[in-house]
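Right, one structure below, let's go through it.
2 protein chains.
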Amino acid sequence: MKKSSTANLYVALMHYPVVNKNGAVIASAVTNLDLHDIARAAKTYGVQSFYVVTPIEDQRKLVEDIVDHWTRGNGAAYNPNRRDAMELIRIRNSLEQVADDVRTQCGLNPRTVVTCARRKPECLGYGELREMIQTENPYILVFGTAWGLCEEVFAQADYVLEPVAGSTAYNHLSVRSAVAIILDRLMGPTSLTNSGRA
Amino acid sequence: MKKSSTANLYVALMHYPVVNKNGAVIASAVTNLDLHDIARAAKTYGVQSFYVVTPIEDQRKLVEDIVDHWTRGNGAAYNPNRRDAMELIRIRNSLEQVADDVRTQCGLNPRTVVTCARRKPECLGYGELREMIQTENPYILVFGTAWGLCEEVFAQADYVLEPVAGSTAYNHLSVRSAVAIILDRLMGPTSLTNSGRA
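Line order of the protein sequences matches chains A and B.
Residues in the first sequence are numbered from 1 upward in steps of one, following the numbering used here.
Residues in the second sequence are numbered from 199 upward in steps of one, following the numbering used here.
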């Protein structure tokens with residue numbers, strides 16, 4: 001079994017196609033702290049690349065400028081740890097482009113695993129996915145912004161991951177928190193029952 | 199055993215005394231998304247209150263204004279789910295004030311559990327703390343901002359929680375991500391080995 005730290009796992013943060021509060025399909029604006037928080041979590045859990053997905057040229061330029069500041073500009077010297085995380089960021093137009101990029105990188109066809117705060121039929125459990133990513137097969141974990149991914153993304157996905165579900169009925173985590181928790185469930189310690197932790 | 203959803207758990211986010219990049223003690227500025235993300239995670243995992251701690255009057259006023267907007271202002275009508283989370287926020291000057299408030303609320307003396315990205319001697323494990331919070335005793339989980347809590351906070355704490363530690367040596371999560379992961383480890387599903395999850 002491969003070590004968790006080298007799982008062939010990728011994260012994609014989608015800004016299109018997502019829905020707004022009223023269910024209309026929109027392209028959402030990029031949030032600066034999404035880039036930082038998700039890059040840092042991805043680096044912590046050994047994710048291969050963090051794809052920021054938007055078809056809007058101005059938004060791609062904004063992400064490029066932010067990443068450039070932290071990886072080659074003044075930010076890189078100011079905070080090398082941040083640089084190491086921000087270097088994981090790749091900018092793409094669509095999920096298809098992300099899949100193409102992963103295919104080119106590993107020579108294997110990636111599977112998409114879409115996340116959602118609401119339970120969908122035939123969800124994949126964390127335990128199952130945890131085992132699946134211990135192989136060399138590449139998986140792309142797909143996260144939505146705004147009010148969530150639009151239905152066509154679910155329809156085209158290979159798998160839908162079960163919702164995080166805390167210890168209450170409230171299910172309105174930020175995408176930053178959801179990414180952190182899901183990576184910990186997939187790549188963090190297996191068991192919480194002993195203090196040393198597996 | 200009490201249900202996890204009713205654990206007597208409190209979260210405190212400290213803006214003083216914390217250290218800057220050079221190890222000097224400072225009061226850090228409040229970050230708007232810390233309030234939102236941590237309130238939403240706290241609500242998801244049944245945390246009793248989320249204390250934002252700063253002795254700076256202007257900063258307390260800023261937090262009050264933000265909380266007011268989302269709990270009583272236009273934000274409350276725009277997004278009632280956000281209101282439910284932001285209602286958990288309490289603003290206090292110091293950790294002593296937080297402890298006093300918890301003591302008044304439950305009539306029991308709270309224990310403080312301080313978090314840190316670096317491993318300290320005699321750390322408390324997640325499994326141990328998970329069992330401890332299943333009692334009626336109140337616990338305050340203490341998080342730092344900026345470059346972390348200053349040493350006196352550790353010296354005065356009842357317990358220090360072991361670091362999150364992902365699947366790599368990189369340990370530079372945002373405080374927003376760290377809170378989310380720690381609450382999931384303490385109050386989320388126990389086991390990740392079966393797909394249904396405990």
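All C-beta atoms in this analysis are idealised placements derived from N, C-alpha and C, irrespective of residue type, glycine included.
Given the structure is predicted, the values throughout are model-derived calculations rather than measurements.
Under a criterion of Cβ atoms nearer than 9 Å, the residues of chain B adjacent to residue 36 of chain A are, in order, 372. Among the residues facing chain B, residue 49 of chain A is not included, as its CB has no counterpart in that chain under 8 Å away. If you ignore the 5 residues before and after residue 38 of chain A, its C-beta comes within less than 7 Å of the C-beta of 11, 13, 50, 176 and 179, all in its own chain and listed in chain order.
Scanning A:87, A:154, A:142 and A:173 for the CA closest to the CA of residue 69 of chain A turns up A:87. Short of 8 Å from the beta carbon of residue 241 of chain B, and not among the five residues preceding or following it, lie these beta carbons of its own chain, in chain order: 282, 283 and 286.
In the three-state scheme derived from DSSP, where H, G and I count as helix and E and B as strand, residue 362 of chain B is classed as coil. By a beta-carbon distance limit of 8 Å, residue 371 of chain B contacts residue 41 of chain A. Their separation comes to about 6 Å. For the pair of segments examined, the stretch 151–168 of chain A was found not to touch the stretch 354–362 of chain B: the number of CB pairs separated by less than 8 Å stays below three.
The three-state reading of DSSP puts residue 12 of chain A in strand, counting E and B together.
Taking C-beta atoms as the reference points, residue 150 of chain A and residue 19 of chain A count as a pair closer than 8 Å.
Using a C-beta cut-off of 8 Å, the stretch 288–297 of chain B makes no contact with the stretch 325–333 of chain B, since fewer than three inter-stretch Cβ pairs fall below that distance. Among the residues of chain A, none has a CB under 8 Å from the CB of residue 259 of chain B; the nearest is roughly 23 Å distant. Put simply, the CB of residue 111 of chain A is far from chain B, with every gap to its CB atoms at 8 Å or more.
In terms of CA proximity to residue 27 of chain A, A:147 leads the group A:166, A:106 and A:147. Residue contact check for residue 207 of chain B against chain A: no CB pair falls below 8 Å. For residue 379 of chain B, same chain residues with a beta-carbon under 6 Å away, outside a window of 5 residues either side, are 362 in chain order. Residue 382 of chain B sits close to residue 184 of chain A, with the two beta carbons spaced by under 8 Å. Against chain B, the CB of residue 33 of chain A has a partner CB under 8 Å away; the residue lies at that interface. Sequence-ordered contacts of the stretch 270–298 of chain B with chain A read 276, 277, 279, 280, 282 and 283 [C-beta pairs closer than 9 Å]. Residue-level contact by beta carbon holds for residue 184 of chain A and chain B, with a gap shorter than 8 Å. Here residue 292 of chain B has 251 and 253 as same chain residues with Cβ atoms under 7 Å from its own Cβ, once five neighbours each way along the sequence are excluded. In the structure shown, residue 221 of chain B falls within a coil segment according to DSSP collapsed to helix, strand and coil. Pairing residue 139 of chain A with residue 114 of chain A gives a Cβ-Cβ distance that is not under 8 Å. For the stretch 212–295 of chain B, the continuous beta strand (DSSP E) assignments of 3+ residues that do not extend past its boundaries occur at 248–251 and 287–290, in sequence order. The Cβ of residue 342 of chain B sits no closer than 8 Å to any Cβ of chain A. Between residue 168 of chain A and residue 243 of chain B a beta carbon distance of about 7 Å is seen, short of the 8 Å cut, so the two are scored as contacting. For residue 111 of chain A, the secondary structure class from DSSP, reduced to helix, strand or coil, is strand. At a Cβ-Cβ threshold of 8 Å, residue 246 of chain B and residue 306 of chain B do not count as neighbours.
Residue 125 of chain A: not part of any beta strand (DSSP E); DSSP gives it neither H nor E.
Residue 149 of chain A sits in a strand when the DSSP states are folded into three classes.
Sequence-distant Cβ neighbours of residue 327 of chain B in its own chain, meaning closer than 7 Å and more than five residues away, are 311, 359 and 384.
Counting every other CB atom within 10 Å of its CB across the protein chains shown gives residue 261 of chain B a total of 16 or more, marking it as buried. For residue 168 of chain A, the residues of chain B that pass the 8 Å Cβ criterion are 203, 241, 242, 243 and 244, in the order they occur in the chain. Residue 276 of chain B sits exposed, since fewer than 16 C-beta atoms from the chains shown fall within 10 Å of its C-beta. From the beta-carbon of residue 385 of chain B, the residues of chain A found nearer than 8 Å are 166 and 167. Per DSSP, the continuous beta strand (DSSP E) segment holding residue 338 of chain B begins and ends at 337–342.
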